[in-house]
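First comes the structure, then the notes that go with it.
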Amino acid sequence: KQWYQRRVREDEKTGLSLIQPFVVVQISVPLGVGFNVEILATDTVNSNRRIFLSSSYRDISHTPLHTRLPLGMMTRGQWVNLAFNIPSIVSGVFNSTFKSVELISVSASCKLRKVFTMRHQPHNTTTGLYTPMYDGATDMIPKSCSLNVGNTTQVIDMAVIRQW
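Just so you know, we're using the numbering used here here: the sequence shown kicks off at -5 and counts up by one.
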């Protein structure tokens, strides 16, 4: 276990410009350890929307340009594909339409394998109280990104965050 703070960004002026709407983080976070993700998304009117997700937040708070969302419902103590539905978050919090992801930052004392994006929502394999609300096409995690130690995939969208 190490403390990671990794920022994925092309450069300070242009950003990543990733148009695939699902950000997947392959991670193993021990019980009782904090976990933070920052995602900078651009909407269709080219406004940057900063999304902070953290296991230390208890409530949703936001301003016109950034939001803080709780991640207390995330699976811990095992490897998981943690998938974030960015269009759901952008529309649910900012009432605008997702265009692209410009920055992804992960901070945690954990094991981190990969960070990648997907065109369609991965199949949610977690069971419990928190169910994502998505009626579009779903897809499997690509074989090149498959976890050899389990195939748990947890999808986080605004419905899951509000249910928590």
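Note that CB positions come from ideal geometry on N, CA and C, so glycine has one too.
Counted within 10 angstroms of its Cβ, other Cβ atoms place residue i as buried (16 or more) or exposed
i, result
"residue 38", "exposed"
"residue 118", "buried"
"residue 126", "buried"
"residue 103", "exposed"
DSSP-derived helix/strand/coil call for residue i
i, result
"residue 20", "strand"
"residue 87", "helix"
"residue 155", "helix"
"residue 62", "strand"
"residue -2", "For residue -2, the pLDDT reaches just 49, beneath the cut-off of 50, and the residue's location in the model is therefore unreliable, although a value from the coordinates is still provided. Residue -2: strand per DSSP, three-state reduction."
"residue 52", "coil"
"residue 57", "coil"
"residue 10", "coil"
"residue 44", "strand"
Spatial distance of residue i from residue j (CA atoms)
i, j, result
"residue -4", "residue 78", "Its pLDDT being 47, under 50, residue -4 is placed unreliably in this model, and the value from its coordinates should be taken loosely. About 23 angstroms."
"residue 146", "residue 44", "27 angstroms"
"residue 148", "residue 30", "16 angstroms"
"residue 159", "residue 62", "The question about residue 159 has no answer, for the chain in this structure spans -5 to 158."
"residue 59", "residue 41", "8 angstroms"
"residue 65", "residue 50", "8 angstroms"
"residue 85", "residue 151", "10 angstroms"
"residue -2", "residue 33", "With a pLDDT of 49 at residue -2, under the threshold of 50, the predicted position of this residue should be treated as unreliable, though the coordinate-derived value follows. Computed Cα separation, rounded: 16 angstroms."
"residue 9", "residue 97", "6 angstroms"
Nearest-angstrom Cβ-Cβ length linking residue i and residue j, presumed shorter than 8 angstroms
i, j, result
"residue 95", "residue 111", "7 angstroms"
Residue i: CB within 8 angstroms of a non-hydrogen atom of the ligand NAD
i, result
"residue 122", "This structure does not include the ligand NAD; it has no bound ligands of any sort."
Which residue spans inside the region 75 to 153 form an unbroken beta strand (DSSP E) run of at least 3?
92 to 112, 147 to 150
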